[in-house]
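Participant: Before we start, here is the structure in question, set down as structure tokens.
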Amino acid sequence: MAAPLGLHLEFGGGAELLFDGVKNHHVTLPGQSDPWDMKQLLTWIRGNMLKERPELFMQGDTVRPGILVLINDADWELMGELEYQLQDQDNVVFISTLHGG
Amino acid sequence: MCQVEEDYNGLERNQEKIPVPTFNRKCVKCKEGTAVLIIRVNDAFCRSCFKEYFIHKFRAMLGKNRVIFPQEKVLLAVSGGAASCSMLSQVQEGLSREAPKKLRFVPGIIHIDDGGACGRSADERQRSNALLKSIFTDTGFPYFIVSLEQVFSLPSSVLVPGTSDPDPSNPGYKQAVDQYIKEKQTLTEENVASAVAQLSLEDSPEHKLALERLFSSLKTLTAKEDMLQTLRLHLILHIARENGYSKVMMGDSCSRLAVKLLSNIALGRGAALASDTGFSDARYGDVVIVRPMRDYSSKEIAFYSRMFNVPSVFISGLDTKTQDKASIQRLTESFVTNLQSDFPSTVSTIYRTSEKLHTVIPPQSQTTEPASKCLLCLCTLDTKEDKASAFHATLVSEQLSQFKRQDPSVDAPEQCCTEGQGCGSGDCCSSNRLPSHQDLKTLLCYSCRLTIKDMVATNTLPPYITTEAEKRQKRSRMKMEISEYLLEDDEEDGD
Numbered sequence: 001m002a003a004p005l006g007l008h009l010e011f012g013g014g015a016e017l018l019f020d021g022v023k024n025h026h027v028t029l030p031g032q033s034d035p036w037d038m039k040q041l042l043t044w045i046r047g048n049m050l051k052e053r054p055e056l057f058m059q060g061d062t063v064r065p066g067i068l069v070l071i072n073d074a075d076w077e078l079m080g081e082l083e084y085q086l087q088d089q090d091n092v093v094f095i096s097t098l099h100g101g
Numbered sequence: 001m002c003q004v005e006e007d008y009n010g011l012e013r014n015q016e017k018i019p020v021p022t023f024n025r026k027c028v029k030c031k032e033g034t035a036v037l038i039i040r041v042n043d044a045f046c047r048s049c050f051k052e053y054f055i056h057k058f059r060a061m062l063g064k065n066r067v068i069f070p071q072e073k074v075l076l077a078v079s080g081g082a083a084s085c086s087m088l089s090q091v092q093e094g095l096s097r098e099a100p101k102k103l104r105f106v107p108g109i110i111h112i113d114d115g116g117a118c119g120r121s122a123d124e125r126q127r128s129n130a131l132l133k134s135i136f137t138d139t140g141f142p143y144f145i146v147s148l149e150q151v152f153s154l155p156s157s158v159l160v161p162g163t164s165d166p167d168p169s170n171p172g173y174k175q176a177v178d179q180y181i182k183e184k185q186t187l188t189e190e191n192v193a194s195a196v197a198q199l200s201l202e203d204s205p206e207h208k209l210a211l212e213r214l215f216s217s218l219k220t221l222t223a224k225e226d227m228l229q230t231l232r233l234h235l236i237l238h239i240a241r242e243n244g245y246s247k248v249m250m251g252d253s254c255s256r257l258a259v260k261l262l263s264n265i266a267l268g269r270g271a272a273l274a275s276d277t278g279f280s281d282a283r284y285g286d287v288v289i290v291r292p293m294r295d296y297s298s299k300e301i302a303f304y305s306r307m308f309n310v311p312s313v314f315i316s317g318l319d320t321k322t323q324d325k326a327s328i329q330r331l332t333e334s335f336v337t338n339l340q341s342d343f344p345s346t347v348s349t350i351y352r353t354s355e356k357l358h359t360v361i362p363p364q365s366q367t368t369e370p371a372s373k374c375l376l377c378l379c380t381l382d383t384k385e386d387k388a389s390a391f392h393a394t395l396v397s398e399q400l401s402q403f404k405r406q407d408p409s410v411d412a413p414e415q416c417c418t419e420g421q422g423c424g425s426g427d428c429c430s431s432n433r434l435p436s437h438q439d440l441k442t443l444l445c446y447s448c449r450l451t452i453k454d455m456v457a458t459n460t461l462p463p464y465i466t467t468e469a470e471k472r473q474k475r476s477r478m479k480m481e482i483s484e485y486l487l488e489d490d491e492e493d494g495d
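Residue numbers (the UniProt record's numbering), protein chains in the order written: chain A, 1 to 101; chain B, 1 to 495.
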């Protein structure tokens, strides 16, 4: 699918501090031949949106332990975690449950 | 047995690649609804079952530990984070149901604004306070928003554990509940609303400055966090006592308590573990601290807040955006969270261990006077110098490793104690006015000593601490002086 993907990203629990304090973001991912999955989304976020301290949001390929991810208001563990393939107008929420950001 | 099973589950999960689950996994409870989240290791719940589960856990926790009596005034300590706001919403939910399952106490809310210690700007503080205020007024409970600077106007009675009322006419829990149901007292909304009180937010600039000085005289982040916790607790205690609240509810979740348990051990607070992490903490005497959220993992709380729109305000603290190794508490937190991601039973194992901890009360504790409680954290002093104890060993090694500078400059205190600076060894600062490191040490438990040791200048401590310290020292000196005139208990049956 070559169509660009529109997503609604939300950050809560302190994670928004890493994104200039903005909680809600509408992003459009560029179209590509393979469908976008969560792993690629995270890499994209790290490259394009994270303003500072990437180690506070991500650890390696996945999110840092302590940050919860909800896809369309459901636990991402139920959706396959990193392998979930994103669809247009999906709502992805990152909530930090840690003290420090 | 259950633990072995759980471990195995965790290992199993680790070994095999997580199988991609089918999209429409059914809820394990009702078997009908589509699951929306996974709790514990593999339990998928649907939305409504999760809500029921969450609400039920709260009431079960309160019901199992029967410490909150009907019509009792309970202060809810709300920091603004997800856990304490969920606690607030559970209390609201519980009070609104029809009897007889209705929760039956009278809540109040307190929030401590510690922006002065964390370095937040006045604008930020005002913004978060305004947000919190709107959340609190929505609930209709009386609320207090107190800034940490007010700690400088506390009376020293805060540090004296009050006596809980051993009134013989006080009924046991069951009788109290029965009595209440019989009388069928209904709480009118007007009574609650008219009691809305709010302490003034006007802090004198000296207090602000004093707070900044206090926190800048603490060198490590560990000590700062420790001091912040202590001061916050004192302030909450004071407000609770002043307004007749006999219980305080804190919103510590299971994950937070697991981290607190391990970091307390690292800080040297092992002796007070049972009260620091247990359900109820009765060391303050008349005010009991209760932790009803201790069974909820942070995942459950975060999901509940998100799904059911619990309003919360994120307020950055001392350790926000710090590195992993910035303080002991922070390091422990990252350790536990990282371990938890690979072995999902970590937090629950730590939690279950903490449930089994009990403080051993030595038989003569009934007659110990206030002087043998720590000045800051009010736990029983654990620093009796037994010749064979580990504590004595640390003291000896400390003396041996310090460069002993014999500095008898008692008559020139101005030289060493310039404003804001402390002196190297605590020995020369034995001026009569301010308690030096050495003097304070005898009044503190082991971990509070470590915190104070990190402090450059003990004169930045709030006045209520220093006056109480002086009082206790005078008393112990007096006791030593008249000790030969005191009758010993075991001489009674002698001559």
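Note that the Cβ used here is the ideal one computed from N, Cα and C, for glycine as well.
Closer than 9 Å, CB to CB, is K321 of chain B near chain A or not?
Facilitator: In the second sequence, the residue the question calls residue 321 of chain B occupies position 321. Chain A, which has a Cβ nearer than 9 Å to the Cβ of K321 of chain B, makes this yes.
Participant: On a Cα-Cα basis, can you pick out the residue from B:Q90, B:H234, B:I239 and B:A210 that is closest to Y143 of chain B?
Facilitator: Here residue 143 of chain B corresponds to residue number 143 of the second sequence, with the count starting at 1. Closest by alpha carbon: B:I239.
Participant: With respect to the alpha helix (DSSP H) encompassing D123 of chain B, which residues constitute its N-terminal and C-terminal limits?
Facilitator: Here residue 123 of chain B refers to the residue found at position 123 of the second sequence. Looking at the DSSP string, the run of the alpha helix (DSSP H) that includes D123 of chain B is A122 to T139.
Participant: Let me make sure I understand the geometry here. Which of A:I95, A:L78, A:L18 and A:S96 has the alpha-carbon closest to that of V41 of chain B?
Facilitator: As a position in the second sequence, residue 41 of chain B is number 41, starting the count at 1. Here the closest residue by C-alpha is A:L78.
Participant: T186 of chain B CB to nearest chain A CB: under 9 Å?
Facilitator: To locate residue 186 of chain B, count along the second sequence from 1; it is residue 186. Any reading at T186 of chain B must be qualified, since the residue scores a pLDDT of 44, below 50, and its modelled position is unreliable; the value itself is stated next. Chain A contact via Cβ: absent.
Participant: Could you please tell me which residues of the stretch 248 to 271 of chain B, in chain order, have their CB closer than 9 Å to any CB of chain A?
Facilitator: Under the 9 Å Cβ criterion, the stretch 248 to 271 of chain B contributes S253, S255, R256 and V259.
Participant: How many Å lie between A197 of chain B and V160 of chain B at the Cα?
Facilitator: Start at 1 with the first residue of the second sequence, and residue 197 of chain B comes out as number 197. Start at 1 with the first residue of the second sequence, and residue 160 of chain B comes out as number 160. Legend: pLDDT at A197 of chain B = 39, less than 50; position of this residue unreliable, value from coordinates given subsequently. Going from the Cα of A197 of chain B to the Cα of V160 of chain B covers about 26 Å.
Participant: Cα-Cα, which of A:H8, A:I67 and A:M49 is closest to S334 of chain B?
Facilitator: Within the second sequence, the letter at position 334 stands for residue 334 of chain B. Considering only alpha carbons, the answer is A:I67.
Participant: For the stretch 245 to 274 of chain B, list the beta strand (DSSP E) runs that are entirely contained and at least 3 residues long, ordered along the chain.
Facilitator: The qualifying runs are 247 to 250.
Participant: Name the chain A residues whose beta carbon is nearer than 9 Å to that of M293 of chain B?
Facilitator: As a working note, residue 293 of chain B is residue 293 in the second sequence. Here the premise fails: no neighbours, minimum Cβ distance about 13 Å.
Participant: What number of angstroms, rounded off, separates the C-alpha of L98 of chain A from the C-alpha of G317 of chain B?
Facilitator: The residue you call residue 98 of chain A lines up with position 98 of the first sequence. The residue you call residue 317 of chain B lines up with position 317 of the second sequence. Approximately 11 Å, taken between the alpha carbons.
Participant: Classify D61 of chain A as buried or exposed, calling it buried when 16 or more other Cβ atoms lie within 10 Å of its own Cβ.
Facilitator: For this step, residue 61 of chain A is matched to residue 61 along the first sequence. Burial call: exposed.
Participant: If we count the other Cβ atoms within 10 Å of its Cβ and call it buried at 16 or more, is V63 of chain A buried or exposed?
Facilitator: Sequence index remark: in the first sequence, residue 63 of chain A carries index 63 (1-based). By the 10 Å Cβ count, V63 of chain A comes out buried.
Participant: Thinking C-alpha only, which one of A:N91, A:G6 and A:P65 is nearest L29 of chain A?
Facilitator: Reading the first sequence from its first residue, position 29 is the one you call residue 29 of chain A. The shortest Cα separation from L29 of chain A among A:N91, A:G6 and A:P65 belongs to A:G6.
Participant: Mind checking the stretch 331 to 354 of chain B against chain A and listing, in chain order, the residues whose C-beta falls within less than 7 Å of any C-beta there?
Facilitator: Cβ contacts with chain A come from E333, T337, N338, Q340 and S341.
Participant: Rounding to the nearest angstrom, what Cα-Cα distance links Q323 of chain B and G94 of chain B in this structure?
Facilitator: What you label residue 323 of chain B is simply residue 323 of the second sequence in a count that begins at 1. What you label residue 94 of chain B is simply residue 94 of the second sequence in a count that begins at 1. Going from the Cα of Q323 of chain B to the Cα of G94 of chain B covers about 40 Å.
Participant: For a contact defined as C-beta to C-beta under 7 Å, what are the partners of K373 of chain B on chain A?
Facilitator: Here the question's residue 373 of chain B lines up with position 373 in the second sequence. In chain order: nothing, as chain A lies at least about 29 Å away.
Participant: Express the C-alpha separation of L218 of chain B and M455 of chain B in angstroms, rounding to a whole number.
Facilitator: Counted from its first residue, the second sequence places residue 455 of chain B at position 455. Counted from its first residue, the second sequence places residue 218 of chain B at position 218. One C-alpha to the other measures close to 4 Å.
Participant: Do we get a CB-CB distance below 9 Å when we pair G66 of chain A with the residues of chain C?
Facilitator: Of the protein chains in the structure, A and B, none is chain C.
Participant: For a contact defined as C-beta to C-beta under 8 Å, what are the partners of S84 of chain B on chain A?
Facilitator: Counting from one through the second sequence, the residue named residue 84 of chain B turns up at place 84. Result: empty, since nearest Cβ-Cβ is about 13 Å, beyond 8 Å.
Participant: How should H207 of chain B be labelled, buried or exposed, when 16 other C-beta atoms within 10 angstroms of its C-beta is the threshold for buried?
Facilitator: Working through the second sequence from its first residue, we reach residue 207 of chain B at position 207. Answer is buried; the Cβ neighbour count reaches 16.
Participant: So, at 7 Å on beta carbons, what are the nonlocal neighbours of D114 of chain B in its own chain, with the 5 sequence-adjacent residues on each side left out?
Facilitator: Your numbering for residue 114 of chain B matches position 114 in the second sequence. Cβ neighbours of D114 of chain B beyond the five flanking positions: L148, L228 and R232.
Participant: According to DSSP, is A82 of chain B helix, strand or coil?
Facilitator: Against the second sequence, residue 82 of chain B aligns to sequence position 82. Helix, per DSSP.
Participant: Counting only C-beta atoms, is Y485 of chain B closer than 9 Å to chain A at any point?
Facilitator: Here residue 485 of chain B corresponds to residue number 485 of the second sequence, with the count starting at 1. No, no contact with chain A.
Participant: Around the Cβ of I482 of chain B, are there at least 16 other Cβ atoms within 10 angstroms (buried) or fewer (exposed)?
Facilitator: Along the second sequence, read from residue 1 onward, the residue named residue 482 of chain B stands at position 482. It is exposed - the Cβ of I482 of chain B has fewer than 16 other Cβ atoms within 10 Å.
Participant: Quick check on H56 of chain B: does DSSP put it in helix, strand or coil?
Facilitator: Residue 56 of chain B sits at position 56 when you count from the first residue of the second sequence. Looking at H56 of chain B - three-state DSSP - the assignment turns out to be helix.
Participant: I'd like to know whether the C-beta atoms of L154 of chain B and R283 of chain B end up nearer to each other than 9 Å.
Facilitator: The residue you call residue 154 of chain B lines up with position 154 of the second sequence. The residue you call residue 283 of chain B lines up with position 283 of the second sequence. Not closer than 9 Å, so no.
Participant: Which chain A residues are close to M227 of chain B, counting only those with a beta carbon under 7 Å from its beta carbon?
Facilitator: Counting from 1 along the second sequence, the entry for residue 227 of chain B is found at position 227. Chain A residues near M227 of chain B: none, gap ~16 Å exceeds 7 Å.
Participant: Which two residues bound the contiguous beta strand (DSSP E) that contains G115 of chain B?
Facilitator: Reading the second sequence from its first residue, position 115 is the one you call residue 115 of chain B. Run containing G115 of chain B: none in the beta strand (DSSP E); it sits in the alpha helix (DSSP H), G115 to C118.
Participant: Give the single residue among B:S84, B:A274 and B:F105 whose Cα lies nearest to the Cα of G63 of chain B.
Facilitator: For the purposes of this step, residue 63 of chain B is taken as residue 63 along the second sequence, with counting starting at 1. Comparing Cα-Cα distances from G63 of chain B to each of B:S84, B:A274 and B:F105, the minimum goes to B:F105.
Participant: State yes or no: is the C-beta of F58 of chain B within less than 9 Å of the C-beta of P292 of chain B?
Facilitator: Taking the first residue of the second sequence as position 1, residue 58 of chain B is located at position 58. Taking the first residue of the second sequence as position 1, residue 292 of chain B is located at position 292. Yes, the pair counts as a contact, with Cβ atoms nearer than the cut-off.
Participant: May I ask you to list the residues that DSSP assigns as paired with D37 of chain A?
Facilitator: The count along the first sequence starts at 1 and reaches residue 37 of chain A at position 37. In the DSSP output, where bridge partners are listed per residue, D37 of chain A has A:Q85.
Participant: When the Cα atoms are used, what is the spatial distance from D37 of chain A to K73 of chain B?
Facilitator: For the purposes of this step, residue 37 of chain A is taken as the residue at position 37 of the first sequence. For the purposes of this step, residue 73 of chain B is taken as the residue at position 73 of the second sequence. Looking at the two C-alpha atoms, the distance is approximately 52 Å.
Participant: For R46 of chain A, count the other beta carbons within 10 Å of its own beta carbon; 16 or more makes it buried, fewer makes it exposed. Which is it?
Facilitator: Against the first sequence, residue 46 of chain A aligns to sequence position 46. It counts as exposed.
Participant: Using a Cβ-Cβ distance under 9 Å, would residue 121 of chain A count as near chain B?
Facilitator: The first residue shown for chain A is 1 and the last is 101, placing residue 121 of chain A beyond what the model contains.
Participant: Closest to Y446 of chain B by C-alpha separation, out of B:A469, B:T380, B:P462 and B:Q402, would be which residue?
Facilitator: Mapped onto the second sequence, residue 446 of chain B falls at position 446. It is B:T380.
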